[in-house]
Amino acid sequence: MFLRDGWAQPEEWGVWGVGQSHTLKLFPPLPLASHVKIEFDVHVVLLGGRKAQQVDVLAGEQLLDTWAFTSDVNRAIRTLEVGACGF
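Residue numbers (the numbering used here): 1283 to 1369.
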């Protein structure tokens, strides 16, 4: 996995996203299984009047999921389950 556009320099604890869009480039092992499960440990910064944020997760142009973040449900392991054709 490689960080692409929209990321700050990695720090000891992890890495911040910067800007409107953040891109990861994944290279799944080949041959692809018929079903792939990927886990991400993520959260968003909710400051000031921002009480919630939705994040679209895409593979190319295909929307895979939309993750909802709130102050009550922010930092968590978010999971994507994708069929082999989803990459």
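For each residue, glycine too, the CB sits at the ideal point set by N, CA and C.
Note that the structure is a prediction, hence the values are computed from the model and not measured.
The region 1288-1298 and the region 1331-1341 do not touch, with fewer than 3 CB-CB distances between them shorter than 8 Å.
Annotation for residue 1323: 1359 place their beta carbon closer than 7 Å to its own, counting only its chain and skipping 5 residues before and after. Sequence-distant Cβ neighbours of residue 1355 in its own chain, meaning closer than 6 Å and more than five residues away, do not exist here. In the three-state scheme derived from DSSP, where H, G and I count as helix and E and B as strand, residue 1325 is classed as coil.
Where residue 1339 is concerned, the enclosing beta strand (DSSP E) starts and stops at 1334-1341.
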